[in-house]
Structures are given as structure tokens and as C-alpha cells.
Amino acid sequence: MERIKRFMQENDWQKVGIAAYYGYFAVNVLVKAFGYDSSDQIYKFFMLSGIMFLAIKLVTTKYTLREVIWCALLLGSGMVIWAVTKMATLLFLFVTIIGMKGCSYRKLIGISVWLRIFVAAVMVVGSFGGVYDIGYKTTPNAQYVEVPVYGFGFGEPNTAFLTIFLALTLLIYYNYEKLNGWWFAGTSCVALLFYEFTFCRTGIIVFFFLWALIIYEKLVKGKKAKFILALSVPVGALFSFAMMILYDSGSSLMSTLDRYTSGRVHITGNYYQDQGLALLPRNQELFYASYHGLIDNAYMYILLYCGWIFALAFFAAICVTLVRLWRRGCYRELVLMGAFALYGVLEQFVLNGFMNPFILLTGILLYPGLLRTDTDGGTNGKVSYSSNS
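First residue of the sequence shown: 182, per this note's numbering; consecutive thereafter.
What follows is the structure in C-alpha cells.
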């Protein structure tokens, strides 16, 4: 008993918990990078392992009373949404944020970038080598000519390009201070090459939008001028909302927008006309009675399923995060959040913290020291505040 007691006293359990959290994060990034879902046995194995790592982190972390109250609110909200809507994405997002205390955000990005580069290389090389199904098929281009596309073991070409997109964007963020013309040329060549293989128009548009934001941030020196970077999520949300409530199948403008968004406008518009909006979360089964397709818009996905009350609170938290990042001079974080804000108009995955780690930056509202680094501040995207900031 004395040995056990001494062992318990001598070990730094908070460091053990932080290491366990990195394990939890790595396991989930890995399983998402390979494209597994809840129907796969390997997904269930990895998920169980991840939950065990997270449990270790939670029981070895000391929380203040303020943090306990906010963590309870987050966990309660996530549980209610999961129970009513059957959506587990937000619950996982909230518990991931709850467990982030004491962790380094840069280390989380490092875990993400190297795992995703590794998985992308394995899947692409394995597809060409015959280990995985290369997923050949054809799809019509803008001139309605069938062109060949490849899934590289992921099943869908869009998923394959998303894998490359995530690897490139994380690499860009991780090396943000080093970015120059060579970085632009190199990453653009990789993105365009895989665009030719997958014909993923959404991904290539967002990729070059990201570089447009980077160039803007690098060239513009005034802090006030950079506030435009903090408007990404509200602009995306308001645009999506306007398109949904103003949708008219007879409008030529709406038809054009719908065509450029691959039918996403009419899907959300029809759901709004059939189901309207609610204050509280609703079960997804209500939407199956008049099924119009998958809601590939993260903003309206939250609003339609979770209701006004939660949607406003959720987006308010993200907007406050954006403003705080701007005040701290965290411009590279704003740039990356801006790119994913555009992707949110066209996809749901941005709500998943293991695919879009930049949504985890809302954790600075709970843990202000999350972004602590040893670099010097300034207008180049670096930050230099301590864990007590």
C-alpha cells in the first residue's frame, strides 16, 4: 500500500492526462483521416480507445469553479442535442474542447498535419500500387463532358481531395511564418494535380480562397483593415440564411447560385419551406418525411436541426472567438478559420474538430491560454501571450 501511495504522490498526473489527451486526439484524427465511420468495426475500436484516453485526461485535470460550470453547460447541451437530433458531432466537439485544458494547440496541429500527410501518402501510393481500389469513374465537367476521376481508396473523389486539402492547409498553418512564393507554387501544384484527378471544384476554390486571404493578411499591415478576417463566419452564416429563406425555384438568380453550389440552395430552401424553423432541437426523422437531400451547409445544418436558441448561442461563441483572436493579433488563425468558414457554406465536416481543428479555437473562451507560444508577436500572424493572458 505504501508503494502505491508513494507512486500516486510522486507522479505528475496532470502531465499524464495531457499525454493521454494527445493520444485521444491522434486516435480520432487517424480514424477520420482513413475515412472510417461508425459502421466499421475498426472505428468502434479506435473510438473506445479514444474515450479511454479522454477519460484519463478528465480525471487528472484540475478545473476551477468557473470552468466546471461552463463545462457542465457544454456537456449538457451536447447530450441534449445528441439525444434529440441523434447528431453526435457536436457532443464530440464539446467534450474535445472540455478536455483541452493545459494542452498546446500547436502540438495538436502538429499531430494533425503529420498524421494526415502520412495517411494521404499511404492511400495515394497504395491506390497506384493496387493495395487500395483507385476508385476510377467518370463525372461531367462544366461543359457536360464526362471526365475520369479517382477516389484513391476513399470511395468518393471529393473525399480524396478533401484529404489532400486538409493536409495542405494544416501544413500551411504549421509553417505560416515561412510562407512565400515557393510555398504558394508548391502547394498550388499539389492541389491542382489532385483537382485533375478528382475534379473537386469546391475544394480547389476554397484552397485558392485561402491563399487570397494569406496574401491579404501578409500585405495589409493595419490592424483595423485586418478586422475583415474576423467577419468570415457571420458573413457565411448570413449568406446561407438569406439563400435559404429567399429561395425561389423560379428565380434565375437562385437557379444560378444553386447550380454553382451543386444544388445546396434548393435543398435548404425546400427544407425551410416544408419544416420551417424551431426554437429547440428537432429529431432528424422529421426531415425524412419530405427528404430533399443531405444538408451540406454547416450553418443551416445547425439552425434547422438544433433550433434558434442553440444556433444563436453557437455562432455567437464563434464570433466572440474571432474578435478575441483579432484583438490578440492571431491573424493566421483568422485566415484559416476564414477558409473553413467558406467550406462551411458547402459542407458539414467543418463542425468536426478532428477534421477542422480550427473550430477548436473556440476553446480560448474557456481556456484563454490555449494559444500560448514562444514566438514574438506582431502583424505576421505570430502570438506571444502566456497561459495567464
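Glycine included, each C-beta is placed from N, C-alpha and C at the ideal position.
Under the three-pair Cβ rule at 8 Å, the stretch 400-407 does not count as touching the stretch 354-366.
Counting the other CB atoms within 10 Å of its CB gives Lys213 a total of 16 or more, which places it among the buried residues. Under DSSP, Lys318 takes part in a beta bridge, and its partners are Val330. Counting along the chain, the unbroken alpha helix (DSSP H) around Ile232 starts and ends at Gln222 to Val240. Judged by DSSP secondary structure, Thr270 falls within the alpha helix (DSSP H) whose first and last residues are Thr270 to Ile279. Here Met233 is exposed, its C-beta having fewer than 16 other C-beta atoms within 10 Å. By the criterion of a C-beta distance shorter than 6 Å, Leu438 is surrounded in its chain by Val446, once the five residues flanking it on both sides are discounted.
Listed in chain order, the alpha helix (DSSP H) elements of length 4 or more contained wholly in the stretch 478-507 amount to none.
Annotation for Arg440: the continuous alpha helix (DSSP H) segment containing it runs Ser433 to Tyr441. The Cβ neighbour count for Gln529, taken over all protein chains shown within 10 Å, is at least 16; the residue is labelled buried. For Met260, the enclosing alpha helix (DSSP H) has its first and last residue at Leu246 to Thr266. Boundaries of the alpha helix (DSSP H) harbouring Arg513: Tyr512 to Gly525, taken from the DSSP string. The Cβ neighbour count for Trp507, taken over all protein chains shown within 10 Å, is at least 16; the residue is labelled buried. DSSP places Glu466 inside the alpha helix (DSSP H), whose first and last residues are Glu466 to Tyr469.
Distance between Phe539 and Ser285, taken at the CA atoms: about 13 Å. Looking at the backbone, the Cα of Gly457 and that of Gln222 are separated by about 37 Å.
A distance of 9 Å or more separates the beta carbons of Ile386 and Leu360. By the criterion of a C-beta distance shorter than 6 Å, Tyr205 is surrounded in its chain by Gly231, Phe234 and Leu235, once the five residues flanking it on both sides are discounted.
In this model, Asn464 and Leu485 are separated by some 10 Å (Cα to Cα).
Under the three-pair Cβ rule at 8 Å, the stretch 295-305 does not count as touching the stretch 272-279. Judged by DSSP secondary structure, Thr350 falls within the alpha helix (DSSP H) whose first and last residues are Pro338 to Tyr355.
DSSP, read as helix, strand or coil, puts Glu377 in helix.
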